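A short worksheet on the structure shown next.
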Amino acid sequence: MNIYTVQNYEALCTKSADLISELIQSKPNCNLGLATGSTPLGIYEELVKRYKNGSLDFSKAKSFNLDEYWGLSQEHPCSYSYYMRQNLFDHINMPEPQRNIPSGTASSAQSECFLYDQKISEAGHLDLLILGIGRNGHIGFNEPAQAFNMETHLVELDTVTRQDNARYFKTYEKIPSHAITMGIQSIMNAKQILLIASGSGKTEALSKMRNGQIDPSLPASILQLHENVTVIQDVDAAGLSI
Ligand code: GLP
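Position in the sequence shown (first residue = 1) + 85 = the working numbering.
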């Protein structure tokens with residue numbers, strides 16, 4: 086793993102946006118894997134800025150989001166579909182048919198998962214996948230489990246995850262209990278992974294990810310087996326702040 090520790094969140098966003106921009110400029114028809122959560126927000130803001138000043142063109146790129154809450158429609162303000170439109174898609178020129186996010190309201194979760202994997206394999210593989218990390222070491226919504234779940238699947242969310250994401254919902258009860266997430270196989274098939282982490286809440290998960298056993302109880306530990314992972318963390322996440 087290539088690990089970069091930067092001074093603060095702003096530097097994390099600039100460095101991450103540089104890496105993503107390089108790919109889009111060298112391969113305009115690239116497949117991007119996209120994450121949600123609070124960490125990527127500043128990166129998306131920076132990408133929008135670069136699109137608006139003419140240095141980025143998303144017209145040929147495709148995107149595949151990692152996950153979506155099960156039960157939330159695209160119009161629900163807490164859905165990841167809504168998040169992506171608000172924070173990125175409404176401000177850039179990636180055509181709608183090239184943007185992929187699992188549907189949280191499909192009539193069958195099982196067939197939605199199957200179709201999502203099919204779409205990713207039809208596209209080939211992800212050229213660059215942005216990953217955040219949960220405090221419990223989850224990637225996408227691949228939660229701690231007894232085995233790595235390779236396919237896109239419906240998952241029951243961990244208590245830690247529901248607590249961490251409670252801030253977006255009016256009450257704890259309103260947080261969906263399940264989500265659809267890209268599985269470990271599509272994640273590991275990505276040519277390059279950019280894992281971003283900010284804040285001291287991530288220090289323990291990051292350290293276990295790098296130095297612990299490869300174990301499904303800490304899903305991010307599987308990344309030790311990937312050949313091209315770049316971690317961009319701020320000093321707080323690295324555990325270096327005073
Ligand atoms: C959510 C997302 C993950 C993300 C994680 C961390 O649970 N499903 O993909 O990595 O949150 O989020 P944050 O960046 O807000 O810490």
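The beta-carbon is built from N, C-alpha and C at its ideal position, and this holds for glycine as well. On a predicted model such as this, the values are computed, not experimentally measured, just so you know.
Whole-number beta carbon distance between residue j and residue i, since they are thought to touch under 8 Å
i: residue 147; j: residue 116; result: 5 Å
i: residue 187; j: residue 301; result: Residue 187 to residue 301, Cβ: 21 Å. No contact.
i: residue 104; j: residue 315; result: 7 Å
i: residue 221; j: residue 243; result: 6 Å
i: residue 218; j: residue 290; result: 5 Å
i: residue 209; j: residue 272; result: The Cβ separation is near 15 Å, so there is no contact.
i: residue 163; j: residue 257; result: So it is not a contact: roughly 13 Å between Cβ atoms.
i: residue 237; j: residue 267; result: 5 Å
heavy atom of the ligand GLP below 8 Å from residue i C-beta
i: residue 268; result: no
i: residue 113; result: no
According to DSSP, residues forming a beta bridge with residue i
i: residue 264; result: 154, 240
i: residue 213; result: 117, 277
i: residue 147; result: 116
i: residue 319; result: 91
i: residue 282; result: 318
i: residue 234; result: None, per the DSSP bridge assignment.
i: residue 184; result: 148
i: residue 224; result: 227
6 Å Cβ shell around residue i - same chain, five flanking residues per side excluded
i: residue 323; result: 90
i: residue 128; result: 98, 101, 102
i: residue 277; result: 213, 313
i: residue 317; result: 89, 97, 100, 101, 281
i: residue 87; result: 315
i: residue 124; result: 217, 281, 283
i: residue 308; result: 314
i: residue 304; result: 222, 223, 224, 227
Own chain residues within Cβ distance below 7 Å of residue i, not counting five before or after
i: residue 113; result: 142, 145, 146
i: residue 197; result: 187, 188, 191, 265
i: residue 194; result: 155, 239, 265
i: residue 262; result: 241, 242
i: residue 251; result: 257, 260
i: residue 270; result: 235, 236
Test: residue i CB closer than 9 Å to a CB of chain C
i: residue 177; result: In the structure shown, chain C cannot be found, because there is only a single protein chain.
Own chain partners of residue i with C-beta closer than 8 Å, once the 5 adjacent residues on each side are dropped
i: residue 180; result: 144
i: residue 167; result: 159, 160, 161
i: residue 203; result: none
i: residue 135; result: 102, 106, 141
i: residue 326; result: 285, 320
Closer than 8 Å: residue i CB and nearest the ligand NAD heavy atom
i: residue 191; result: This structure lacks the ligand NAD; its bound ligands are the ligand GLP.
- Task: Can you list the residues near the ligand GLP, meaning Cβ strictly closer than 6 Å to any non-hydrogen atom, in the order they appear in the chain?
- Result: 120, 121, 122, 123, 124, 151, 152, 217, 218, 219, 225, 226, 246, 250
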